[in-house]
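Visitor: Residue numbers (this note's numbering): 805 to 1119.
1) Within 8 angstroms, do at least three Cβ pairs link the region 1074-1084 to the region 1095-1103?
2) Taking residue 864 as the reference, which of 821, 829, 881, 918 has the closest Cα?
3) To test your reading of the DSSP string, which unbroken beta strand (DSSP E) runs of 3 or more residues are found completely within the region 1032-1117?
4) With DSSP as the reference, label residue 810 as helix, strand or coil.
5) Is it a yes or a no for the region 962-975 touching the region 1054-1064, going by three-plus beta-carbon pairs under 8 angstroms?
6) So, under 8 angstroms CB-CB, residue 1079 and residue 832 are touching, yes? Tell me the CB distance rounded to an integer number of Å.
7) State buried or exposed for residue 887, treating a residue as buried only when at least 16 other CB atoms are found within 10 Å of its CB.
8) In whole angstroms, what separates the C-alpha of residue 850 from that of residue 985?
9) Looking at the structure shown, is residue 973 part of a helix, part of a strand, or coil, going by DSSP?
10) Output the boundary residues of the alpha helix (DSSP H) element that contains residue 962.
11) To the nearest angstrom, report how far apart residue 1013 and residue 1033 are at their CA atoms.
12) Measuring CB atoms only, is the region 947-966 touching the region 996-1015, in the sense that at least three cross pairs come out at less than 8 angstroms?
13) Starting from residue 936, follow its DSSP beta bridges and name the residues at the other end.
14) Does the separation of the CB atoms of residue 1115 and residue 905 fall below 8 angstroms?
15) Mind pulling the beta strand (DSSP E) runs of 3 or more residues that sit fully within the region 845-899?
16) Tell me, to the nearest whole angstrom, how far the beta carbon of residue 867 is from that of residue 826; I am working on the premise that it is less than 8 angstroms.
17) Locate the alpha helix (DSSP H) running through residue 949, then write down its first and last residues.
18) Leaving out the 5 sequence neighbours to the left and right, which residues in its chain are closer than 6 angstroms to residue 1039 when beta-carbon positions are compared?
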């Protein structure tokens, strides 16, 4: 029988049309989208299904839309699972999907926090002053050394996501990020690609946003997780009613340690990772981190049926 780890993707995986099939076929998905519309006062289903892309890609919309699809897809998948997952995690924004799915946050509270989080992140650094870039084909030690060198010379840039052994995202001020890209290529990186994101995520430039978000948590209730959830910023810990607030504050300005997250899952015996949400970015990373993992996903009818079929074969 498969030992399951569930993962939820972050911002950047969204696309126009996401969630339409699940909405059309399953009442739990329709209920989820309707609840999001009621909480947010906007038509999330239309935004997800029809766009336009420019509107969906605005961070204020992207984060709540992606979270809504994740929970809709999870509620549909949950009814198909014959075994309880052993662990959950989410990449950046996806951590809220994991916490909501594990019962640590109500869906309503998660939506409101995520909307506020997006606003604070966007307001922390004016558009054009910050940047994010993915460095591929260079080890983390080399990327960290380049960041230290450039920061000392030109301004803040630090690793913001340790995604795999050979992929690290860097974030910070725009010009220093561009200098890191150039130096990484000089030192043998296969690729250095600027990411189409509206703020420099998971770096010290967002410490002010983190403090503001901490105040927002005064009005929210955190519960213990019904399924263990591994934190982005501290994969050696677990979320709980006592720790989640502090971990989510740190998540804003500390790096996402995704490589260690997947390694922690496999150390717990996970042999099958199911990505719940748009696209298959985390599925690809999981295989790069550990080629022995079986990866599945749920984002539409085809992927749902395939995942259910594979799980039934392994049970």
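Idealized CB from N, CA, C, for every residue including glycine.
In this text the structure is predicted, and so the values were computed from the model without any measurement.
Guide: Quick look at the numbers:
1) yes
2) 918
3) Within the region 1032-1117, the complete beta strand (DSSP E) runs of at least 3 residues fall at 1076-1080, 1098-1102.
4) strand
5) yes
6) The Cβ separation is near 19 angstroms, so there is no contact.
7) exposed
8) 38 angstroms
9) strand
10) Per DSSP, residue 962 belongs to no alpha helix (DSSP H); it is in the beta strand (DSSP E), 961-968.
11) 23 angstroms
12) yes
13) Answer is 975, bridged to residue 936.
14) no
15) Complete beta strand (DSSP E) runs here, min 3: 891-894.
16) At roughly 19 angstroms, the Cβ-Cβ gap does not stay under 8 angstroms, so residue 867 and residue 826 are not in contact.
17) 944-958
18) Counting only Cβ-Cβ distances below 6 angstroms, and skipping sequence neighbours, we find 1061, 1064, 1065, 1068.
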